[in-house]
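Trainee:
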Amino acid sequence: MGNCLQINSTDDISLLRGSESSNTHDFTSDRNVPAPIYSELLQPVFFPSPSTRRPASNLTEEEQVKIAKRIGLIQHLPIGTYDGSKKIRECVICMIDFCVDEAVRYLPCMHIYHVHCIDDWLMRSLTCPSCMEPVDAALLTTYETS
Amino acid sequence: MANMAVSRIKREFKEVMRSEEIVQCSIKIELINDSWTELRGEIAGPPDTPYEGGKFVLEIKVPETYPFNPPKVRFITKIWHPNISSVTGAICLDILKDNWAAAMTLRTVLLSLQALLAAAEPDDPQDAVVAYQYKDKYQLFLMTAKHWTNIYAGGPHKFTECDSKIQRLKDMGIDEHDARAVLSKENWDLEKATENLFS
Chain G
1 MGNCLQINST DDISLLRGSE SSNTHDFTSD RNVPAPIYSE LLQPVFFPSP STRRPASNLT
61 EEEQVKIAKR IGLIQHLPIG TYDGSKKIRE CVICMIDFCV DEAVRYLPCM HIYHVHCIDD
121 WLMRSLTCPS CMEPVDAALL TTYETS
Chain V
147 MANMAVSRIK REFKEVMRSE EIVQCSIKIE LINDSWTELR GEIAGPPDTP YEGGKFVLEI
207 KVPETYPFNP PKVRFITKIW HPNISSVTGA ICLDILKDNW AAAMTLRTVL LSLQALLAAA
267 EPDDPQDAVV AYQYKDKYQL FLMTAKHWTN IYAGGPHKFT ECDSKIQRLK DMGIDEHDAR
327 AVLSKENWDL EKATENLFS
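Line by line, the protein sequences give chains G and V.
In terms of the numbering used here, the first sequence opens at residue 1 and continues consecutively.
In terms of the numbering used here, the second sequence opens at residue 147 and continues consecutively.
Structure below.
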């Protein structure tokens, strides 16, 4: 396992149980990629929409619900390991080639990305960066109508 | 995060340099500083448009959160187009705002801007005056856009009528660029332009 693999396998199971607060943390401070902006503010920052960034304490109730739903959805997207035989060779978000056995997340459209890359993106927009397919069209409609 | 922005831009830079469009001289990109956060782009005006023959320079600023947020792009070369501010060069293009996707690159941004030059969207304008002229007086719009392309981007079409009207205003002590902007806005009506400038 390369040093880029900090994700432990128990994650998958805990995700299915859908525990809330500890998982919220995974998306921000516990990641292997250091995020200077977050540490500066000493609290997680969220993006209710791609262009709006807000520290956790400044979120409206509606935004909190939206983000909680988003986190829940992301965690139900399967994580696998890159087996080296896929047509897709690089993560188009960071543009770095996948290594064999690296953790990758699968979207419903079957595009794959590094887990930390796609999670960062999905927290801003629930679409596949490659094909723009909504990750969960049904869930998106409930966001729009609420 | 910042590291990802830099490593991506480095990779994209190589990608653009190898692209077919570079060979055809249709797009160009260069670095402005060593930190890879500011670049200069250039696109050729697409054929069969009033921008044909012109070279348009773009300012590209890469945010620390790239590629999760779009690059900030504006035209440095002055241009007469409904979706680009004739004053600031600010661009109204969905992919540079809410329709940005992390898989898009500098190359696709430059190609999208080229496509925007070929297909304006006057109903979603950045410059209301230009958009109005585009919809209401299309022939005048074409002349103005070609004239601006000639003056600012090195395009081939000269309009002596425009030049002489600008000269008239210059003779009254008006700056050339201001004169051109006001005349363009007033559909090249010298009387209205003068009124606008001196009232």
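Every residue, glycine too, gets a C-beta built ideally from N, C-alpha and C.
Model, not experiment: these values are computed from the prediction.
1) Assess, as a yes-or-no matter, whether the stretch 242–258 of chain V is touched by the stretch 293–300 of chain V under the definition of 3 or more beta carbon pairs within less than 8 Å.
2) Thinking just about the alpha-carbon of each residue, which of G:63, G:124 and G:116 is nearest to the one in residue 94 (chain G)?
3) Where does residue 131 (chain G) land, buried or exposed, given buried means 16+ other C-beta within 10 angstroms?
4) Measure the C-alpha to C-alpha separation of residue 196 (chain V) and residue 235 (chain V) and round it to an integer number of angstroms.
5) For the stretch 46–65 of chain G, which residues have a beta carbon sitting closer than 9 Å to at least one beta carbon of chain V?
6) Could you give the distance in angstroms between the alpha-carbon of residue 152 (chain V) and the alpha-carbon of residue 340 (chain V)?
7) Applying the 10 Å Cβ sphere with the 16-neighbour rule, what's the burial state of residue 55 (chain G)?
8) Can you list, in chain order, the residues of its chain with a C-beta nearer than 6 Å to that of residue 288 (chain V)? Leave out the 5 residues immediately preceding and following it.
9) Just checking my contact of residue 173 (chain V) with residue 188 (chain V) at CB under 8 Å: how many whole Å lie between their CB atoms?
10) Comparing C-alpha positions only, which one of V:154, V:316, V:168 and V:270 sits nearest to residue 227 (chain V)?
11) Give the DSSP bridge partners of residue 189 (chain V), in chain order.
12) Enumerate in chain order the residues of its own chain whose CB-to-CB distance from residue 128 (chain G) is below 6 Å, with the five nearest sequence positions on each side excluded.
13) Within 10 Å of its beta-carbon, does residue 200 (chain V) have 16 or more other beta-carbons around it, so buried, or fewer, so exposed?
14) Could you tell me if residue 250 (chain V) is buried or exposed, where buried requires 16 or more neighbouring beta carbons within 10 angstroms of its beta carbon?
15) Have a look at V:224, V:295 and V:167 and flag the residue whose alpha-carbon is nearest the alpha-carbon of residue 233 (chain V).
16) Can you grab the Cα-Cα spacing for the pair residue 167 (chain V) / residue 161 (chain V), in whole Å?
17) Helix, strand or coil for residue 293 (chain V)? Go by DSSP, reduced to three states.
18) With which residues is residue 227 (chain V) paired in a DSSP beta bridge?
19) Classify residue 97 (chain G) as helix, strand or coil using the three-state DSSP reduction.
20) Would you list the one or two residues that DSSP bridges to residue 98 (chain V)?
21) For the beta strand (DSSP E) that contains residue 52 (chain G), what are its first and last residues?
22) Residues of chain G with CB closer than 8 Å to the CB of residue 246 (chain V), please, in chain order.
23) State the beta-bridge partners of residue 237 (chain V) as determined by DSSP.
24) Please identify the residue among V:278, V:245, V:284 and V:273 whose C-alpha is closest to the C-alpha of residue 126 (chain G).
25) Going along chain V in order, which residues have a C-beta closer than 8 Å to the C-beta of residue 92 (chain G)?
26) Please compile the residues from chain G whose C-beta is within a distance smaller than 7 Å of the C-beta of residue 214 (chain V).
27) Go ahead and pull the three-state DSSP assignment for residue 243 (chain V).
Mentor: The relevant details are as follows:
1) no
2) Position 94 of the first sequence, counting from 1, holds the residue named residue 94 (chain G). When only C-alpha atoms are compared, the closest one is G:116.
3) Stepping through the first sequence from its first residue, residue 131 (chain G) is reached at position 131. With fewer than 16 Cβ atoms within 10 Å of its Cβ, residue 131 (chain G) is classed as exposed.
4) Position 50 of the second sequence, counting from 1, holds the residue named residue 196 (chain V). Position 89 of the second sequence, counting from 1, holds the residue named residue 235 (chain V). Rounded to the nearest angstrom, the two C-alpha atoms are 17 Å apart.
5) 47, 49, 50, 51 and 53
6) The count along the second sequence starts at 1 and reaches residue 152 (chain V) at position 6. The count along the second sequence starts at 1 and reaches residue 340 (chain V) at position 194. Distance between the alpha carbons of residue 152 (chain V) and residue 340 (chain V) is about 50 Å.
7) Within the first sequence, the letter at position 55 stands for residue 55 (chain G). Label assigned to residue 55 (chain G): exposed.
8) Looking up residue 288 (chain V) in the second sequence gives position 142. Counting only Cβ-Cβ distances below 6 Å, and skipping sequence neighbours, we find 196.
9) By 1-based counting over the second sequence, the position of residue 173 (chain V) is 27. By 1-based counting over the second sequence, the position of residue 188 (chain V) is 42. Right, the Cβ-Cβ distance comes to about 7 Å (below 8 Å), so this counts as a contact.
10) What you label residue 227 (chain V) is simply residue 81 of the second sequence in a count that begins at 1. Per the Cα distances, V:270.
11) As a first step, residue 189 (chain V) is located in the second sequence; it is residue number 43 there, counting from the start. Paired residues: V:173 and V:202.
12) Indexing the first sequence from 1 puts residue 128 (chain G) at position 128. Counting only Cβ-Cβ distances below 6 Å, and skipping sequence neighbours, we find 107, 109 and 111.
13) Start at 1 with the first residue of the second sequence, and residue 200 (chain V) comes out as number 54. By the 10 Å Cβ count, residue 200 (chain V) comes out buried.
14) For the purposes of this step, residue 250 (chain V) is identified with residue 104 of the second sequence, where counting begins at 1. Residue 250 (chain V) comes out buried.
15) Residue mapping note: residue 233 (chain V) aligns to position 87 of the second sequence, counting from 1. For the residues V:224, V:295 and V:167, the minimum Cα distance to residue 233 (chain V) belongs to V:224.
16) Residue mapping note: residue 167 (chain V) aligns to position 21 of the second sequence, counting from 1. Residue mapping note: residue 161 (chain V) aligns to position 15 of the second sequence, counting from 1. In a straight line, the C-alpha of residue 167 (chain V) is about 11 Å away from that of residue 161 (chain V).
17) Within the second sequence, residue 293 (chain V) is the residue found at index 147, counting from 1. Residue 293 (chain V) falls in the helix class under three-state DSSP.
18) Taking the second sequence and counting its residues from 1, the one referred to as residue 227 (chain V) is at position 81. Answer is V:230.
19) Here residue 97 (chain G) is taken as the residue at index 97 of the first sequence, counted from 1. Residue state, collapsed to three classes: strand.
20) In the structure as shown, chain V begins at 147 and stops at 345. Residue 98 (chain V) is therefore absent and cannot be evaluated.
21) As a first step, residue 52 (chain G) must be located in the first sequence, where it is residue number 52. Looking at the DSSP string, the run of the beta strand (DSSP E) that includes residue 52 (chain G) is 52–55.
22) On the second sequence, position 100 is the one that residue 246 (chain V) refers to. Near residue 246 (chain V) (Cβ distances below 8 Å), the residues of chain G are 50.
23) Counting from one through the second sequence, the residue named residue 237 (chain V) turns up at place 91. Beta-bridge pairing links residue 237 (chain V) to V:230.
24) Residue mapping note: residue 126 (chain G) aligns to position 126 of the first sequence, counting from 1. Nearest option by C-alpha distance: V:245.
25) The count along the first sequence starts at 1 and reaches residue 92 (chain G) at position 92. 248 and 249, listed in chain order.
26) Residue mapping note: residue 214 (chain V) aligns to position 68 of the second sequence, counting from 1. Ordered by position in chain G, the residues that pass the 7 Å Cβ test against residue 214 (chain V) are 120, 121 and 124.
27) As a first step, residue 243 (chain V) must be located in the second sequence, where it is residue number 97. In the structure shown, residue 243 (chain V) sits in coil (DSSP, three-state: anything other than H, G, I, E or B).
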